[in-house]
Structure formats: C-alpha cells, structure tokens
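Working notes for the structure below.
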Amino acid sequence: MLDGKKSFNQAGFTLLNPTKSVRSNLTGFTLIELLVVISIIGFLTVASVVVFNIVRMNARDAVRVGNVATVKRALAMYLNDSLTGYPASNGECLKASQGVGKELKDAQVLLEVPFDPLWAASTPSPSVAGDTDGFCYWYVASAIDAYELSYFLESNSKSGGAGSHTTTQ
Numbered sequence: 663m664l665d666g667k668k669s670f671n672q673a674g675f676t677l678l679n680p681t682k683s684v685r686s687n688l689t690g691f692t693l694i695e696l697l698v699v700i701s702i703i704g705f706l707t708v709a710s711v712v713v714f715n716i717v718r719m720n721a722r723d724a725v726r727v728g729n730v731a732t733v734k735r736a737l738a739m740y741l742n743d744s745l746t747g748y749p750a751s752n753g754e755c756l757k758a759s760q761g762v763g764k765e766l767k768d769a770q771v772l773l774e775v776p777f778d779p780l781w782a783a784s785t786p787s788p789s790v791a792g793d794t795d796g797f798c799y800w801y802v803a804s805a806i807d808a809y810e811l812s813y814f815l816e817s818n819s820k821s822g823g824a825g826s827h828t829t830t831q
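In short: position in the sequence shown from 1, add 662, done, that's my numbering.
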C-alpha cells in the first residue's frame, strides 16, 4: 500500500506519459533519413564517375602528345641519317606494318610505332585526316624537307584544346 510520501514509480507503478510517442522506443532510421543518405551516396558516385572520365581523357591526351613528340624525334633522326629527306607520303595513318611507320621502324629510329590510345588494334579502313572515329596519327610529307603530323585531342587540357591538331616541320 502507498503511504503518502512514495510516488507511483517508487511503488512499482508506471504511468503512461501522454506526451511521449509510442514509436520513440523503436530503433532504426526513418524513411526520410534513408532517402537523404542514399541520395548523397548517389550524388557522390555520379560526381566521381564524371571526374574519373575527365582524368582518363586528360591521360589519353597526354599519351597522344608524348607519342607525337616521339614520332617527331624519330623523323628528325631519320632526316639526319637519310640523304633523301623525310619519308614520302600523300597521307596515311602511322602503322607498324606498312608505309612511313614501317620505314621508321626499319631505319631503327623507332622501336615501336606509337598508336593512339583509342585506336583499335585493327586499323580502320579507309582512314582520313581529322577522322575522330579513327584516332590515328596522320602523316603527310609535302616535300622532302617538310611534313605535317596531325592528331586529335579529346578534351581541353594542358596538352591543348579539344579537336584536331597539326604539327609541322
């Protein structure tokens, strides 16, 4: 029995608090909290994929610029060794199996003919200058002492602006 000094709680009785929610004893996340977290994760995933693709394009562009510099050095060495000038060509994609690429390789000024990172192992045929589907290094020798080497960049980067580029000698 209760004496006047003890409360209901001390006596073992509990009263329901009408201001307290029945759900407050449940643990877990609400649907809104889950949706917020999932949307943040989705946003971060999309952002990282976009950044990753940009980094990959810039890396391929850096490879292209390096490959063109390698071919230019090989052509300069070929000119120093040759009495006839640069290899003759009306326009072609550099390939190891034929044409100017084979000539540079046979002259031992190139160990391997570089190819564009997006260029398939099998050469697209026919290839044309500035072809963005082929992504090849296009070589034209207009005279025995001059050439044009064209290549394509995918993005605006330190290597240059997106689009077709031509270097000459």
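Don't be surprised by glycine CBs; every beta carbon is placed ideally from N, CA and C.
Reduced DSSP category for residue i - H, G, I as helix; E, B as strand; rest coil
| i | result |
| --- | --- |
| Thr707 | helix |
| Ala791 | A caution first: Ala791 carries a pLDDT of 48, below 50, which makes its placement in the model unreliable, though a value can still be read off. If DSSP states are grouped into helix, strand and coil, Ala791 belongs with coil. |
| Leu696 | helix |
| Val802 | strand |
| Ala750 | coil |
| Ser874 | This structure does not reach residue 874, given that the chain is present from 663 up to 831, and the question cannot be answered. |
| Glu810 | strand |
| Gly728 | helix |
Residue j beta carbon less than 8 Å from that of residue i
| i | j | result |
| --- | --- | --- |
| Leu756 | Gly763 | yes |
| Val733 | Leu811 | yes |
| Thr830 | Tyr809 | yes |
| Glu765 | Pro749 | yes |
| Pro779 | Val725 | yes |
| Tyr813 | Ser751 | no |
| Asp743 | Ala769 | yes |
Supposed contact pair residue j and residue i - C-beta distance, whole angstroms, cut 8 Å
| i | j | result |
| --- | --- | --- |
| Ala803 | Val771 | Not really, about 15 Å apart at Cβ, beyond 8 Å. |
Cross-strand partners of residue i (DSSP beta bridge)
| i | result |
| --- | --- |
| Phe777 | DSSP lists no partner for Phe777. |
| Leu815 | Gly825 |
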